[in-house]
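Trainee: Per numbering that gives the first Met the number 0, residue 0 is the first one in the sequence shown, and the count goes up by one each step.
Supplied in structure tokens, the structure appears directly below.
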Amino acid sequence: MTTATATRPQMAHLTAALEDLRERGTFFKLRVLDDQQGPVCRYDGREVINLASNNYLGLCNHPKLREAAIRATERYGVGSGAVRTIAGTMRIHMELEEKIAAFKNVEACVVFQSGFTANAGTVSSILGKDDFILSDELNHASIIDGARLSKAKIKVFRHKDVAHCEEILQEVASEPGRKLIITDGVFSMDGDIGPVGDLAVLAEKYGAIMMVDDAHASGVLGRNGRGSVDHFGAHGMVDVQVGTLSKAIGALGGYVCGSRDLIDYLYHRARPFLFSTSHPPSVAASCLAAFEILEDEPERIERLWANTRYFKQQLTDAGFDVGGRSTPASETPITPILIGGGRETMEFSRALFEAGVMATGIAFPTVPEGKARVRTIMTSEHTREQIDRALETLVRVAKRLDLLAA
Ligand SMILES: *Cc1c(COP(=O)(O)O)cnc(C)c1O
Numbered sequence: 000m001t002t003a004t005a006t007r008p009q010m011a012h013l014t015a016a017l018e019d020l021r022e023r024g025t026f027f028k029l030r031v032l033d034d035q036q037g038p039v040c041r042y043d044g045r046e047v048i049n050l051a052s053n054n055y056l057g058l059c060n061h062p063k064l065r066e067a068a069i070r071a072t073e074r075y076g077v078g079s080g081a082v083r084t085i086a087g088t089m090r091i092h093m094e095l096e097e098k099i100a101a102f103k104n105v106e107a108c109v110v111f112q113s114g115f116t117a118n119a120g121t122v123s124s125i126l127g128k129d130d131f132i133l134s135d136e137l138n139h140a141s142i143i144d145g146a147r148l149s150k151a152k153i154k155v156f157r158h159k160d161v162a163h164c165e166e167i168l169q170e171v172a173s174e175p176g177r178k179l180i181i182t183d184g185v186f187s188m189d190g191d192i193g194p195v196g197d198l199a200v201l202a203e204k205y206g207a208i209m210m211v212d213d214a215h216a217s218g219v220l221g222r223n224g225r226g227s228v229d230h231f232g233a234h235g236m237v238d239v240q241v242g243t244l245s246k247a248i249g250a251l252g253g254y255v256c257g258s259r260d261l262i263d264y265l266y267h268r269a270r271p272f273l274f275s276t277s278h279p280p281s282v283a284a285s286c287l288a289a290f291e292i293l294e295d296e297p298e299r300i301e302r303l304w305a306n307t308r309y310f311k312q313q314l315t316d317a318g319f320d321v322g323g324r325s326t327p328a329s330e331t332p333i334t335p336i337l338i339g340g341g342r343e344t345m346e347f348s349r350a351l352f353e354a355g356v357m358a359t360g361i362a363f364p365t366v367p368e369g370k371a372r373v374r375t376i377m378t379s380e381h382t383r384e385q386i387d388r389a390l391e392t393l394v395r396v397a398k399r400l401d402l403l404a405a
């Protein structure tokens, strides 16, 4: 038998595409984490200060989440055994949905396997081909994919531009289809906050459905991390609130919050819910424990924001372009360091890694051409000493590469 290792001619276009990436200097190898996610950890055998994870509150390895996962595994096993609608809805899945709904102050909640499937499954099932989706140009890929799957007409408004969104609403006002306005609560590449309150007012004015994706806002923005709707005091004005359990919550999953009817509808129509197996009980148990910690240990969120303010100020003082000029400035623990070219950005990221700082280089097509950046993310668990050491390294390496004036 021949092995399947070699690329056959019918797949040669993949090799050509990879060659192109190598020539542009943006080809990457996956960095492998040797231990657990943390503010300092070991990737590919090298100890680094970690400015790349979404483990905002350190919950990925909080003892209470660990213990909850182990206890649930001992009691209920490692798998749910079916999709939710067949035989795979466990008591603990229902408890988690009730917990999240109460936390978010909504009627009901449905948990999906990931934030990606929550977005894609929801947008695609609540709209059809005669409808319109008004989407911020920097919205997450899972929203874009969901919009495409819905076959609705997609209208993109300029980033955070509420007036542009209203212009489009006026243009399509006489069309019979439903209108959906959708924005990220926090934009993952720039770290700025979506104008959720103002868009919700527009939605009300034009009778549009309002939806927000709070993946990077869950556990970060609002009281005890309730998200962007709470941050803007827009309770009752947002029909569909998506969140993730994979970032600040520390485990895995996504959820949709809204009215009882919305959730019952998604139980019947959202394809990832219907056709993909539910979480292992350990994941649901970890997430339940995480929501308790959000209420019991608010000091984690306070530390996250204190670290964020300090780190941002120091980066600005050092002369880095953190996005204040060409794009709206970051307002969250995500701080981009704008470099421009993809090649320089990836070189900077690699040099930082060699010097003991893990900060991901992000280039086209994830961000627009010419807007490549090294993205940093602060957590509640970084100590002041680690942050200072990271800053010192960032400055030293940037000067060496001529990215900062010496
Ligand atoms: C990470 C992210 C998602 C996907 O969440 P997962 O739970 O990781 O699948 C969706 N939307 C936005 C804006 C994100 O940043």
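Glycine included, each C-beta is placed from N, C-alpha and C at the ideal position.
Computed from a prediction, not measured in an experiment: that's the story for all the values here.
So with Cβ pairs under 8 Å, would you call Phe27 a contact of chain D?
Mentor: Among the chains of the structure shown, chain D does not appear; only one protein chain is present.
Trainee: Specify whether the region 221-234 and the region 141-154 touch according to this definition: at least 3 beta carbon pairs, one from each stretch, less than 8 Å apart.
Mentor: With a cut-off of 8 Å, the region 141-154 and the region 221-234 do not count as touching, because too few Cβ pairs lie within range.
Trainee: Going by other Cβ atoms of all chains shown within 10 Å of its Cβ, with 16 needed for buried, is Asn54 buried or exposed?
Mentor: For the purposes of this step, residue 54 is taken as the residue at position 55 of the sequence shown. Asn54 should be labelled buried.
Trainee: Could you say which of Val373, Phe310, Phe352 lies nearest to Gly341 if we only look at CA atoms?
Mentor: Here residue 341 refers to the residue found at position 342 when the sequence shown is read from its first residue. Taking only the C-alpha atoms, the option nearest Gly341 is Val373.
Trainee: If you compare alpha carbons, which of Cys59, Val241, Lys178, Phe231 is closest to Glu380?
Mentor: Position 381 of the sequence shown holds residue 380. Checking every option, the nearest Cα to that of Glu380 belongs to Cys59.
Trainee: Considering Met209, what are the terminal residues of the beta strand (DSSP E) in which it resides?
Mentor: Stepping through the sequence shown from its first residue, residue 209 is reached at position 210. Counting along the chain, the beta strand (DSSP E) containing Met209 begins and ends at 208-212.
Trainee: Using a Cβ-based criterion (distance less than 7 Å to any ligand heavy atom), does Lys159 qualify as near ligand 1?
Mentor: Taking the sequence shown and counting its residues from 1, one reaches residue 159 at position 160. No.
Trainee: Does the Cβ-Cβ distance between Gly322 and Asp160 come in under 8 Å?
Mentor: For the purposes of this step, residue 322 is taken as residue 323 along the sequence shown, with counting starting at 1. For the purposes of this step, residue 160 is taken as residue 161 along the sequence shown, with counting starting at 1. Going by C-beta atoms, Gly322 is not nearer than 8 Å to Asp160.
Trainee: Are the Cβ atoms of Gly339 and Thr392 separated by less than 8 Å?
Mentor: Mapped onto the sequence shown, residue 339 falls at position 340. Mapped onto the sequence shown, residue 392 falls at position 393. Against a cut-off of 8 Å, the Cβ pair of Thr392 and Gly339 comes out as no contact.
Trainee: With 16 other CB atoms within 10 Å as the buried threshold, where does Leu390 fall?
Mentor: The residue labelled residue 390 in the question sits at position 391 within the sequence shown. Leu390 is buried by the Cβ-count criterion.
Trainee: Residues in the same chain with beta-carbon distance under 8 Å from Leu20, minus the five sequence neighbours each way, listed in chain order, please.
Mentor: Here residue 20 corresponds to residue number 21 of the sequence shown, with the count starting at 1. So the list reads Phe26, once near-sequence residues are dropped.
Trainee: When you compare the CB positions of Ala51 and Ala358, do they come within less than 8 Å of one another, or not?
Mentor: In the sequence shown, the residue the question calls residue 51 occupies position 52. In the sequence shown, the residue the question calls residue 358 occupies position 359. In this structure, Ala358 lies closer than 8 Å to Ala51 by Cβ.
Trainee: Mind checking whether Ile248 and Ser217 have CB atoms under 8 Å apart?
Mentor: For the purposes of this step, residue 248 is taken as the residue at position 249 of the sequence shown. For the purposes of this step, residue 217 is taken as the residue at position 218 of the sequence shown. It is a contact, given that the beta carbons lie within the stated cut-off.
Trainee: Which class does Ala371 belong to by DSSP, given the choice of helix, strand or coil?
Mentor: As a position in the sequence shown, residue 371 is number 372, starting the count at 1. DSSP places Ala371 in strand when its eight states are reduced to three.
Trainee: What distance in whole Å lies between the Cβ atoms of Ile336 and Ile376, which are believed to be in contact at a cut-off of 8 Å?
Mentor: Residue mapping note: residue 376 aligns to position 377 of the sequence shown, counting from 1. Residue mapping note: residue 336 aligns to position 337 of the sequence shown, counting from 1. Taking the Cβ atoms as the reference, Ile376 lies roughly 12 Å from Ile336, outside the contact range of under 8 Å.
Trainee: By DSSP, does Met93 sit in helix, in strand, or in coil?
Mentor: As a first step, residue 93 is located in the sequence shown; it is residue number 94 there, counting from the start. Three-state DSSP puts Met93 in a helix.
Trainee: Given this structure, state the Cα-to-Cα distance separating Val105 from Gly76, to the nearest angstrom.
Mentor: Indexing the sequence shown from 1 puts residue 105 at position 106. Indexing the sequence shown from 1 puts residue 76 at position 77. Taking the straight line joining both Cα atoms gives about 31 Å.
Trainee: Can you give me the Cβ contacts of Gly193 inside the same chain, cut-off strictly under 8 Å, excluding the 5 residues immediately before and after it?
Mentor: Mapped onto the sequence shown, residue 193 falls at position 194. Counting only Cβ-Cβ distances below 8 Å, and skipping sequence neighbours, we find Asp135, Lys159, Thr182, Asp183, Gly184, Val185, Phe186, Val211, Ser227.
Trainee: Using a Cβ-Cβ cut-off of 6 Å (strictly less than) and excluding sequence neighbours within five positions of Val237, which residues of its own chain qualify?
Mentor: Looking up residue 237 in the sequence shown gives position 238. Hits under 6 Å: Ala199, Met209, Val211, Val228.
Trainee: Shorter than 7 Å, the distance from the beta carbon of Asp320 to the closest heavy atom of ligand 1, or not?
Mentor: In the sequence shown, the residue the question calls residue 320 occupies position 321. Asp320 Cβ: outside cutoff for every heavy atom of ligand 1.
Trainee: Starting from Arg41 and walking both ways along the beta strand (DSSP E), at which residues does that stretch end?
Mentor: Locating residue 41 in the sequence shown gives position 42, where the first residue counts as 1. Counting along the chain, the beta strand (DSSP E) containing Arg41 begins and ends at 39-42.
Trainee: Let's see if you can read the secondary structure: which residues bound the beta strand (DSSP E) around Phe156?
Mentor: Along the sequence shown, read from residue 1 onward, the residue named residue 156 stands at position 157. Counting along the chain, the beta strand (DSSP E) containing Phe156 begins and ends at 152-156.
Trainee: Kindly identify the DSSP beta-bridge partner or partners of Ala107.
Mentor: Position 108 of the sequence shown, counted from the start, is the residue given in the question as residue 107. Looking at the DSSP assignment, Ala107 forms a beta bridge with Gly257.
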